[in-house]
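Residues 76 to 339 (my numbering) make up the sequence shown, in order. Please read the structure below before turning to the comments.
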Amino acid sequence: MLPGKIPTDSNKTILEHIFYHNYLPLQNETLTLEDFPTDILNQLLVNNLYQSLKTDTQRLDKILTDNNKEYFTFLKIKESKTVIDASVKSKAEESLISLKADDRVMGLLQLGHDNSNGVTVYNEVSLKTELIDFKFGLKGFADNIVVDENTKTIFINDLKTTNKSIQSFPSTVEFYRYDVQAAIYCIMGFNNLIKQKEDANEWKIVFTFIVIDKYNQVYPFQVSDETLAIWMEDFSGLLNVLNYHYENRDYTLPYELAIGNVKL
76 MLPGKIPTDS NKTILEHIFY HNYLPLQNET LTLEDFPTDI LNQLLVNNLY
126 QSLKTDTQRL DKILTDNNKE YFTFLKIKES KTVIDASVKS KAEESLISLK
176 ADDRVMGLLQ LGHDNSNGVT VYNEVSLKTE LIDFKFGLKG FADNIVVDEN
226 TKTIFINDLK TTNKSIQSFP STVEFYRYDV QAAIYCIMGF NNLIKQKEDA
276 NEWKIVFTFI VIDKYNQVYP FQVSDETLAI WMEDFSGLLN VLNYHYENRD
326 YTLPYELAIG NVKL
């Protein structure tokens with residue numbers, strides 16, 4: 076946890092670019108943020124940040140603050156961990172209390188279950204699968220999957236935080252294309268945990284977005300069978316689009332424009 080505050084998003088973008096693209100390739104642990112003035116200035120120009128200032132020295136001073144230097148140092152020692160500050164930690168703890176206080180959420184996640192009585196719980200599980208007829212596969216981490224042998228149901232639960240109100244989440248699904256994520260998780264969950272079973276065709280998938288908003292309001296948005304079927308069908312079409320770009324190594328235009336099907 077960072078003793079100070081996480082830098083602003085704009086500064087954080089600059090710092091992480093310097094770290095991953097300039098510091099890491101050199102493999103020299105003695106280097107500090109101050110050792111990359113030219114790279115910092117280049118990134119400020121690329122991101123159109125602090126360009127209204129008259130001198131490069133003034134621009135560098137905006138980045139070479141104690142807080143930013145501290146964050147850069149933490150990037151060097153964090154390894155695979157995520158750097159957070161006290162306010163982020165406090166917010167996460169508040170959210171956790173709200174989630175645990177909701178009986179519906181606790182029932183879905185089955186936290187603390189001992190994997191007995193025909194129910195197996197997987198948390199932050201790594202999944203991957205090959206795709207028939209495609210030269211690429213799918214890979215990702217699922218927040219929570221509950222496999223219930225008794226009801227032949229696989230519950231896939233994905234935790235979402237939002238800075239909007241809880242009732243705005245349905246529009247957020249469309250904006251961020253969470254439907255694609257749901258389809259991918261369903262395919263991977265089924266292929267990894269169910270497909271090998273003799274009665275695989277009898278199993279059902281229940282997908283739920285467990286959402287907590289900026290007011291710590293919690294609601295589990297379960298996806299209906301009808302909606303999930305539509306999302307799966309849409310994703311099947313998207314795979315063909317992805318396959319076109321992958322096989323042709325052509326990413327210059329969106330699919331519809333690349334194949335020449337758009338007319339005014």
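C-beta atoms are modelled at their ideal positions from N, C-alpha and C, and glycine is treated no differently. Keep in mind that this is a model prediction, so the values were computed, not measured.
contact_flag[the segment 212-223, the segment 325-336] where n(CB pairs < 8 Å) is 3 or more = They do not touch, by the three-pair rule.
ask   = Where do the N-terminal and C-terminal ends of the alpha helix (DSSP H) with residue 173 fall, by residue?
value = Residue 173 sits at position 98 when you count from the first residue of the sequence shown. Per DSSP, residue 173 belongs to the alpha helix (DSSP H) from 161-175.
message = Check whether the segment 172-190 and the segment 95-113 touch, using three or more Cβ-Cβ pairs below 8 Å as the test.
response = By the C-beta criterion, the segment 172-190 is judged not to be in contact with the segment 95-113, since fewer than 3 inter-stretch pairs fall below 8 Å.
message = Let's test the definition: count the other Cβ atoms within 10 Å of the Cβ of residue 283 and tell me whether it reaches 16, buried, or not, exposed.
response = Taking the sequence shown and counting its residues from 1, the one referred to as residue 283 is at position 208. Here residue 283 is buried, its C-beta having at least 16 other C-beta atoms within 10 Å.
request  = Give the DSSP-derived three-state secondary structure of residue 220 in the structure shown.
outcome  = Here residue 220 corresponds to residue number 145 of the sequence shown, with the count starting at 1. Shown here, residue 220 sits in a strand according to DSSP, grouped into three states.
request  = Using 10 angstroms around the beta-carbon of residue 339, count the other beta-carbons present and answer buried if the total reaches 16, otherwise exposed.
outcome  = Sequence index remark: in the sequence shown, residue 339 carries index 264 (1-based). It counts as exposed.
For residue 197 and residue 162, the rounded distance between their alpha carbons = As a position in the sequence shown, residue 162 is number 87, starting the count at 1. As a position in the sequence shown, residue 197 is number 122, starting the count at 1. C-alpha separation (whole angstroms): 29 Å.
message = Would residue 144 and residue 125 be called neighbours here (beta carbons separated by less than 8 Å)?
response = The residue given as residue 144 occupies position 69 in the sequence shown. The residue given as residue 125 occupies position 50 in the sequence shown. Result no, Cβ atoms of residue 144 and residue 125 do not sit closer than 8 Å.
inquiry  = Under 8 Å, with one C-beta from each stretch per pair, do the segment 112-119 and the segment 146-162 reach the 3-pair mark?
reply    = No, the segment 112-119 does not touch the segment 146-162.
request  = Consult DSSP for residue 294 and reduce its assignment to one of helix, strand or coil.
outcome  = The residue you call residue 294 lines up with position 219 of the sequence shown. DSSP places residue 294 in the strand class (E or B) of the three-state scheme.
Selected residue, minimal CA-CA separation from residue 215, among 263, 194 and 209 = As a first step, residue 215 must be located in the sequence shown, where it is residue number 140. With respect to the C-alpha of residue 215, the residue from 263, 194 and 209 having the closest C-alpha is 263.
message = Counting beta carbon pairs with one atom in the segment 189-203 and one in the segment 257-273, are three or more of them shorter than 8 Å?
response = The segment 257-273, when compared against the segment 189-203, does touch it at the 8 Å Cβ threshold.
query = Per DSSP, what kind of secondary structure is residue 199 in: helix, strand or coil?
reply = Start at 1 with the first residue of the sequence shown, and residue 199 comes out as number 124. The DSSP-derived three-state label of residue 199 is strand.
query = Name the DSSP bridge partner or partners of residue 286?
reply = For this step, residue 286 is matched to residue 211 along the sequence shown. Paired residue(s): 235 and 294.
message = Just to confirm the assignment: which complete beta strand (DSSP E) runs, minimum length 3, are found wholly within the segment 239-273?
response = Here no run is fully enclosed.
request  = With DSSP as the reference, label residue 194 as helix, strand or coil.
outcome  = On the sequence shown, residue 194 is found 119 positions in, with the first residue counted as 1. The three-state secondary structure of residue 194, taken from DSSP, is strand.
key: Ordered list of alpha helix (DSSP H) runs contained in the segment 85-134, each at least 4 residues   = Taking only runs of at least 4 residues, the alpha helix (DSSP H) segments lying wholly in the segment 85-134 are 112-121.
query = What residue does the alpha helix (DSSP H) around residue 316 start on, and which one ends it?
reply = As a first step, residue 316 is located in the sequence shown; it is residue number 241 there, counting from the start. Its alpha helix (DSSP H) spans residues 300-323.
ask   = Beta-carbon separation of residue 279 and residue 228 under 8 Å?
value = Against the sequence shown, residue 279 aligns to sequence position 204. Against the sequence shown, residue 228 aligns to sequence position 153. Yes.
DSSP-derived helix/strand/coil call for residue 154 = Counting from 1 along the sequence shown, the entry for residue 154 is found at position 79. Of the three classes helix, strand and coil, the one that applies to residue 154 here is coil, per DSSP.
inquiry  = At the 8 Å Cβ level, is residue 81 part of the contact set with chain C, yes or no?
reply    = Annotation note: the requested chain C is absent from the structure, which comprises a single protein chain.
ask   = Should residue 134 be labelled buried (16 or more other beta-carbon atoms within 10 Å of its own) or exposed?
value = Translated into the one-based positions of the sequence shown, residue 134 becomes position 59. Buried.
ask   = For the candidate residues 111, 255, 141 and 92, whose alpha-carbon lies nearest to that of residue 122?
value = Residue numbering aside, residue 122 sits at position 47 when the sequence shown is read from its first letter. The candidate whose alpha carbon is nearest that of residue 122 is 92.
query = Thinking C-alpha only, which one of 192, 193 and 175 is nearest residue 186?
reply = By 1-based counting over the sequence shown, the position of residue 186 is 111. When 192, 193 and 175 are compared, the shortest CA-CA separation from residue 186 is found for 175.
key: 8 Å Cβ cutoff met for residue 293 and residue 173   = Here residue 293 is taken as the residue at index 218 of the sequence shown, counted from 1. Here residue 173 is taken as the residue at index 98 of the sequence shown, counted from 1. Note that the C-beta distance between residue 293 and residue 173 is below 8 Å.
query = What do you get for residue 304, buried or exposed, if any count of 16 or more other CB atoms within 10 angstroms of its CB means buried?
reply = As a position in the sequence shown, residue 304 is number 229, starting the count at 1. Residue 304 comes out exposed.
Beta-carbon contacts of residue 195 that lie in its chain and below 6 Å, excluding the five residues immediately before and after = Within the sequence shown, residue 195 is the residue found at index 120, counting from 1. Exclusion of the five residues before and after residue 195 leaves 222 as the residues of its chain whose Cβ lies within less than 6 Å of its Cβ.
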